[in-house]
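First up is the structure itself, then whatever we jot down about it.
Number of protein chains: 2
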Amino acid sequence: MDHDAGWVVDLSMAPPSLHDNTADADRLQREIFRKTGIGTVAIDLALLRELPARLNNWGYRCRCVFFKSPGGSFLIDILPIEDPGMIAGIAVDLGTTRVVVELVDLVTGKSHLQKAFDNPQCEIGPDILERVHYSDRPGGLARLHRLIIEAINEEIGRICRKAGMARDRVYLMAVAGNTTMTHLFAGISPRGIIREPYIPAVNRFGAVRAEDLGIQINRRGRVFMFPNVGSYFGGDLIAGAFYAGFHSSRDISIIVDVGTNAEVLLGNSEWLVACAGAAGPALEGGVSEIGMTAGPGVIDAVTIDPETREFQISTIDDQPPRGICGSGMIDLAAALFLSGMMDIRGRLVPDACGDRFRETDGIPNIVLVPEEMSSTGEALVISQVDIDSLVRSKAAMYTILETLLNYVGIDFEDIKTFYVAGTFGSFIKPRSAISIGMIPDLPEETYRSLGNSSLKGAVRLLTERDAMDAIASIRDRITYLELNVNQDFMNRYSAAKFFPHTDASRFPSVSFRQ
Amino acid sequence: MDHDAGWVVDLSMAPPSLHDNTADADRLQREIFRKTGIGTVAIDLALLRELPARLNNWGYRCRCVFFKSPGGSFLIDILPIEDPGMIAGIAVDLGTTRVVVELVDLVTGKSHLQKAFDNPQCEIGPDILERVHYSDRPGGLARLHRLIIEAINEEIGRICRKAGMARDRVYLMAVAGNTTMTHLFAGISPRGIIREPYIPAVNRFGAVRAEDLGIQINRRGRVFMFPNVGSYFGGDLIAGAFYAGFHSSRDISIIVDVGTNAEVLLGNSEWLVACAGAAGPALEGGVSEIGMTAGPGVIDAVTIDPETREFQISTIDDQPPRGICGSGMIDLAAALFLSGMMDIRGRLVPDACGDRFRETDGIPNIVLVPEEMSSTGEALVISQVDIDSLVRSKAAMYTILETLLNYVGIDFEDIKTFYVAGTFGSFIKPRSAISIGMIPDLPEETYRSLGNSSLKGAVRLLTERDAMDAIASIRDRITYLELNVNQDFMNRYSAAKFFPHTDASRFPSVSFRQ
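Chains as they are written, first to last, in the numbering used here: chain A, 641 to 1154; chain B, 641 to 1154.
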């Protein structure tokens, strides 16, 4: 990283003389402009008062921390150039269930500690809807706001202690969350988000004073919240698109972020179309009795030998199996289908399943892990109901993608890079997802896992001062497509409920037994 | 005034619908942009939190108070459109000795109450130098700052009581003062102003939060301080130039502001040159024993019948005479010279002075008002020493003007309007000043009194949102000319010490006896 490309710049000015008697503050402004191209930075009165003595003591050499947001640019602090301490920023991935916080050195651009904790608002309600309702009760919004602010403050405290630095060395914070989480973080009522016409209070929050939010970092520190496009397309996705570089490439890319909703962004540096739709919770591992999010002992990969129909199961950290996550389910479904144990309609084939087939209360099941090998002492079983749920999810996912591309008028083959975001994206095997027809049959190298792209987008913002323009350009270019569940959509959806698809010619690489 | 040209705009937006589901804050931003062309206004978190409920309650019709400064634009408040109260601003002429405060209705642009009071910093020291030295002592700066802030707060309190409104109805304040007064007002050390290389701490203060300054107006109110060009050319003069319209006219104009220093600004909308020089305190009425600033009983005009040599003396408010002010002195000198009672070198001519001539301790005097007619019971007498002082002042004034025009390469005849600022400007008779050769021999209609142009500039800023660009364009275009007292300057000065000038052909309209 170019050390001069971020929010900290080292300046060395000629001291004032009779030939160049610009005022101290203006001398600094002039030098900031020379180095960064930023015309005027607002300087807080308290800092303005200290400026002349500091510049003079330091021989007109200093290290400036500044920031720019759509509302204006400001100088946050000036320090001696030899200052040995870290000048830090905090990136926050503000998830509905998990919050991840990362310490970033604003000078080197390097990431240091990363910590994750459960969003304490979960104690109020696990999902967005419950929290929005709670926020409408007397004192509800204030409590939700306080919970998240206090939790982040505590985490910053722990991080700073671990890094051996004072809180006031943290000058910037970048927060990427969905629209509701960002509203609650800012202490702004999210009530409009769930009520017709479904509008957030704010889309562009800008860079707020940390002090006004109650965030305990440097007293002049700023907190930037990634902007939303609307109620269903939040700052977390903008952060991801920014991290993936949607502002700088003319190649068409797509990002798919799968959670309770599937959120999709398609386009390039010239145009962007977004949509979101319920892809079904099956993909998050939330439906089947043994479904769970990734963790030790959770099955994340399944292969079945097509000849012997022997199962190869791998778990996270190689712990005895206790459940299965979304990507494990996709793997399993692909393996069952490719080995002929499941037909093109997603129905378990008793003959092909052999010993593993069971029927309970008239519902077909397949045993994934027998009692004696499971960590719970009970067999890990997937039922036809679980599979049906997965079928609906994968069909919805494919239909959303198809509808979006159809709207724009391009083919799947036009997509150069297909990013899969989130934890889901880190574990999913594109080959399996293609096999069940959840994602298009593109060369495997087209697919890329983005990891925690919200967090990475927030980190990138803290280290690149061009970020602000890039983010604004992404946000402002997005056309949000409302997915109308009309006849067209339903027809596509029905066709996609087959494995891999009614029109198998769309998946030439998937060879399966029938 | 166009009611929509100021810092208050009335907005009427379509309420959100499924077809136009922009967030509330962004809806407001979009409408502000439509009305004002200002792209993004920063919105304080506290206001952002209240925004959606307010907009909703008011049916998406509201009155916005906003402000723009070089560092950024911000929304100060939103009110219901039917709000009956005044939305006010306060203009401040922050003089070294007197402070004038005016209440302005930001919606109608009308000025209401005006109040003046002595700058309470006078108790520390009457002049700038003493205050700068005092500011360097422990606690000195804080005390000077507190004195002026508290005095202004008290005055705002009185004005608000008189206008029957609450303090929080004042949203904006514009302050025009010289460089040192502005520093003390901001609580910023002025020490560099009087020490080589004579640089202020700050030239462009921007719009500071009233709260940060301790100014008791609306809690989100902003205080704009006019920028300085340097130590000797302050915001008061920029305010005057703005009031006179130097940003919008291609005709060449000049402003002369006479105080302890004479400050001069020459140019048009394309270029500006400024300088300042000691024109001598004689012009402020500060030298002769009977010299004083304008007030009741102070002689402000003198005429002498050239035939009978009878004196016609007028005093302010027609009170019995007790002294003479600067413009009175100029009038007197012109009358003495034109009547032959003073020669071209400024020496009293005993024969021509007749009875009025006296000599005390070898120094010639002329009696202006005999004992029996003076309010003090003593004769009001002007000595040769007083006249010599005036000669030095008027010669310095003319030399400064000549040097400045010479530097730019234009003639006096190229000047379309010659503004004289300040109290001095309100009383001076151009005819008299021309007669003694203090100002060039231009048609009398070229001369215009600007009155309290600092205050008027501050008022104009509060009522015109284009003001900010105009002020920046004036400030940034000014070339400050350091007057070097070199041989050229001294030669010109010597020539200007005659009445009206060694080269009498420069003053063809002045006919005098020799």
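Cβ atoms here follow ideal geometry from the backbone N, Cα and C, with glycine treated the same way. Quantities reported herein were computed from a predicted structural model and do not represent experimental measurements.
Residue from the options whose Cα sits closest to the Cα of residue i
i	options	result
A:Y1120	A:P1140, A:N868, A:I730	A:N868
B:N1092	B:F997, B:L877, B:D957	B:L877
B:R1100	B:G749, B:A693, B:L972	B:G749
A:L812	A:P830, A:S775, A:F873, A:K708	A:K708
A:Q1024	A:G1065, A:F1064, A:A1073, A:L972	A:L972
A:T1063	A:I834, A:S979, A:G917, A:G966	A:G966
B:L719	B:D666, B:V649, B:E770	B:V649
A:V842	A:M865, A:V904, A:E950, A:R1032	A:M865
A:R962	A:S1014, A:V815, A:T948, A:A941	A:S1014
B:A992	B:S1029, B:A975, B:G827, B:T1000	B:A975
A:T955	A:E910, A:V1009, A:P692	A:V1009
B:W911	B:D891, B:G846, B:A847	B:D891
A:F886	A:R1117, A:G646, A:D940	A:R1117
A:A1098	A:D733, A:E690, A:G646	A:D733
Spatial neighbours of residue i in its chain, beta-carbon cut-off 8 Å, leaving aside the 5 residues before and after
i	result
A:L715	L668, I672, V681, A682, I683, D684, L687, C704, V705, F706
A:P946	L978, S979, G980, R1153
Chain-ordered neighbours of residue i on chain B, where CB pairs are closer than 9 Å
i	result
A:Y838	P656, L658, N661
A:F714	G711, G712
Residues near residue i in its chain [Cβ-Cβ closer than 7 Å; skip 5 each side]
i	result
A:I799	V741, L743, L753, K755
B:R849	R862
A:V1007	R996, R998, A1019, V1021
B:D723	R703
B:G854	I789
A:F977	S1075, I1076, F1139, F1152
A:C762	T737
A:V989	G980, M981, M982, D983
Reduced DSSP category for residue i - H, G, I as helix; E, B as strand; rest coil
i	result
A:T1039	helix
B:F1152	coil
A:A1136	helix
A:T1057	strand
A:H623	In the structure as shown, chain A starts at 641 and stops at 1154, and residue 623 of chain A therefore has no counterpart that could be examined.
A:I727	coil
A:R849	strand
B:E742	strand
B:D666	helix
A:D642	The pLDDT assigned to A:D642 is 48, lower than 50, so where the model puts this residue is not dependable, and the model offers no usable value.
A:F866	coil
B:C965	coil
B:Q952	strand
A:T736	coil
B:S652	strand
B:Q959	coil
A:I944	strand
Cross-chain neighbours of residue i in chain A, by beta carbon under 8 Å
i	result
B:V1125	Residues of chain A passing the Cβ test: none, with the nearest at roughly 15 Å.
B:L1030	The premise fails here: B:L1030 is roughly 32 Å from chain A at the closest Cβ pair, so nothing lies under 8 Å.
B:A826	L685, L688, R689
Contacts that residue i makes with chain A (C-beta to C-beta distance below 9 Å)
i	result
B:P778	Residues of chain A passing the Cβ test: none, with the nearest at roughly 14 Å.
Residue-chain proximity (residue i, chain C), Cβ-Cβ < 7 Å
i	result
A:A665	As a matter of chain content, chain C is missing from the structure shown, whose protein chains are A and B.
Chain B residues whose Cβ lies nearer than 7 Å to that of residue i
i	result
A:P724	Neighbours of A:P724 on chain B: none; closest Cβ ~28 Å, over 7 Å.
A:T680	P710, G711
A:L691	A841
A:G870	N661
Beta-carbon contacts of residue i that lie in its chain and below 6 Å, excluding the five residues immediately before and after
i	result
A:D1081	I1074, F1147, S1149
A:K1137	V1031, A1035
A:L658	none
Neighbouring residues, chain A, relative to residue i (Cβ below 7 Å)
i	result
B:V848	L685
Which runs of the alpha helix (DSSP H) fall wholly inside the segment 977 to 1022 of chain A and span at least 4 residues, in chain order? The segment 977 to 1022 of chain A contains these whole alpha helix (DSSP H) runs: 990 to 993.
What alpha helix (DSSP H) runs, 4 residues minimum, are completely inside the segment 868 to 900 of chain A? 875 to 884
Within the segment 778 to 855 of chain B, note down every full alpha helix (DSSP H) run reaching 4 residues or more, in order along the chain. 780 to 803, 819 to 826, 850 to 853
Entirely enclosed alpha helix (DSSP H) segments - the segment 1081 to 1140 of chain A, minimum 4 residues: As far as the segment 1081 to 1140 of chain A is concerned, its whole alpha helix (DSSP H) runs of at least 4 residues are 1093 to 1103, 1107 to 1117, 1127 to 1136.
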